Amino acid sequence: MKKRQQGFALLEVMVVLIVIAILTAIMLPLYQHYVAKAQVMAALAEITPGRTPAENILTEPVMSNHIAGSTAATKPHQLGLASSTPRCHNISVLMTGLTPDKPGMGMDGDTYITCVIRGNALVNNKTINWTRLNMTHQLYEVVRDPRGGQHPSTKGEPVGGRWFCVTDVPEPLWPAGCKGALPPFSSDG
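Each number in our numbering corresponds to the 1-based position in the sequence shown with 117 added.
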């Protein structure tokens, strides 16, 4: 009578372990990339609510009359934000150059809401911020000519009063709408 083999041979077990190791080596960087992108998006979500109170400071005469020519908000709590969160080591706020738009109207100034990201090695200590430029700057986005360079006669959209998401994380991890720098702009049309 022949004895039947039971269980797995050592070679079969080793092949399975090698396949698992290869799959892990492929999937781990993809997973880390996915986690880093989620951490950047979470950091942006934690500072985004500060835009509305900042706009209120800039547009409501009652709230802003006492701060002409000064700095309106320098602390996150002034915009309803925490100074640190699960995704931000710290949050900083700066509203500068506030000047009245017109007598009796709201104020306008440059506004920066910045988060130093808390995350994995791909994004830890990188920054993401919301930047709003003063409407009185009279700046316009540069319109690119399809053949290269700036279009000679077309003025782009005004950049004053718009919010821009700016970050220094690697480009593949940028949330939708974020850039590595403010768009190019020009003061002449």
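We put the CB at the ideal spot given by N, CA and C, even for glycine.
Predicted model, so just to flag it, every value in this text is computed and none were measured.
Buried versus exposed, by CB contacts within 10 Å (16 or more), residue i
| i | result |
| --- | --- |
| residue 234 | buried |
| residue 186 | Any reading at residue 186 is ruled out, since the residue's pLDDT is 48, under 50, leaving its predicted position unreliable. |
| residue 192 | exposed |
| residue 204 | buried |
| residue 198 | buried |
| residue 246 | buried |
| residue 169 | exposed |
| residue 228 | buried |
| residue 156 | buried |
| residue 136 | exposed |
| residue 163 | buried |
| residue 293 | exposed |
For residue i, the residue or residues it bridges with in DSSP
| i | result |
| --- | --- |
| residue 125 | According to DSSP, residue 125 bridges with nothing at all. |
| residue 231 | 209, 246 |
| residue 275 | 257 |
| residue 202 | 205 |
Backbone CA spacing between residue i and residue j [nearest angstrom]
| i | j | result |
| --- | --- | --- |
| residue 302 | residue 243 | 25 Å |
| residue 240 | residue 177 | 36 Å |
| residue 124 | residue 236 | 44 Å |
| residue 165 | residue 272 | 29 Å |
| residue 151 | residue 119 | 54 Å |
| residue 159 | residue 249 | 20 Å |
| residue 258 | residue 285 | 21 Å |
| residue 130 | residue 145 | 22 Å |
| residue 190 | residue 281 | 18 Å |
| residue 251 | residue 232 | 21 Å |
| residue 138 | residue 128 | 15 Å |
| residue 196 | residue 140 | 46 Å |
| residue 290 | residue 154 | 5 Å |
| residue 230 | residue 210 | 5 Å |
| residue 194 | residue 174 | 13 Å |
| residue 208 | residue 171 | 14 Å |
| residue 200 | residue 226 | 22 Å |
| residue 287 | residue 297 | 8 Å |
Presumed contact (8 Å Cβ cut-off) between residue i and residue j, rounded CB distance
| i | j | result |
| --- | --- | --- |
| residue 295 | residue 283 | 7 Å |
heavy atom of the ligand COA below 7 Å from residue i C-beta
| i | result |
| --- | --- |
| residue 193 | Judged by which ligands are present, the structure shown has none, so any question about the ligand COA falls away. |
In chain order, each beta strand (DSSP E) run of at least 3 residues that lies wholly inside the segment 277 to 303: As far as the segment 277 to 303 is concerned, its whole beta strand (DSSP E) runs of at least 3 residues are 280 to 284.
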